[in-house]
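Residue numbers (the numbering used here): 2 to 177.
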Amino acid sequence: MIRLKHLPLDSISVSSPYGKRSITVNNRYYWWHNGTDFKAPLNSPVYAVADGRVAAARYDDSYGYYAALDHGKFGTLYAHLSRLNVAENDYIRAGQIIAYTGSTGDSTGPHLHFEIRLSPYENFWDRVHCDSSVFMNTVDPMIFIEDFLDRESDLSLGEAIAIVQSEAGLEDKTME
């Protein structure tokens with residue numbers, strides 16, 4: 002089961018959704034988008050969405066600087082980064098800053114390209130390069146980001162009530 006523990010950015014605003022599209026960048030044609038692009042100013046912090054291990058942290062002509070994280074049952078990829086804050090085989094925690102947004106590789110401006118890849122996957126990280134001619138066993142990241150946001154809003158209200166009740170000595174009383 003995929004459950005995000007943190008958002009990849011402080012603010013989530015989609016600039017290019019997951020799925021079919023038609024775009025040419027740097028004379029390369031892309032017909033499928035394996036992730037979601039989020040608007041972000043240059044050098045915005047990028048966070049790990051779950052605990053895991055850094056499977057790749059390097060440069061690719063298409064993705065530019067990217068980090069690929071292995072979370073066990075799924076993986077995440079963060080691309081077009083200005084700089085990396087992790088190295089391969091590092092163990093990372095959800096919410097840790099792993100990189101900063103940029104516009105490297107095949108990019109039209111500063112943003113974060115974010116993918117969620119399913120495991121197990123043959124040659125899971127061997128084909129980490131950007132290849133829209135191949136479905137990379139990805140899923141729409143917004144499904145899980147929206148789930149995270151829904152859980153956070155529910156948890157925040159419940160936690161707030163519990164804290165207020167506890168601090169006021171009202172654990173066994175109603176909040177009327």
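Using N, Cα and C, we set each Cβ at its ideal position, and we do this for glycine too.
All of these numbers come straight from a predicted model, not from anything done at the bench.
A direct Cα-to-Cα measurement between Ser83 and Thr105 gives close to 7 Å. Distance from Phe145 to Ile117 at the Cβ level is roughly 6 Å; contact confirmed, criterion being Cβ atoms closer than 8 Å. Put simply, the backbone Cα of Leu85 is about 7 Å away from that of Tyr101.
Counting every other CB atom within 10 Å of its CB across the protein chains shown gives Ser12 a total below 16, marking it as exposed. As computed with DSSP, Ala69 is found in a beta bridge with Ala57 and Leu78.
The continuous stretches of beta strand (DSSP E) do not include Asp107, and DSSP gives it neither H nor E. When only Cα atoms are considered, Phe75 and Ala51 end up about 10 Å apart.
For the options Leu5, Arg29 and Val15, the alpha carbon positioned closest to that of His72 is the one of Leu5.
By the neighbour-count definition (other C-beta atoms within 10 Å, threshold 16), Asn35 is a buried residue. Leu78 and Ser45 have their C-alpha atoms spaced approximately 16 Å apart. With contacts defined as CB atoms closer than 9 Å, Ala41 and Leu113 qualify as a contacting pair.
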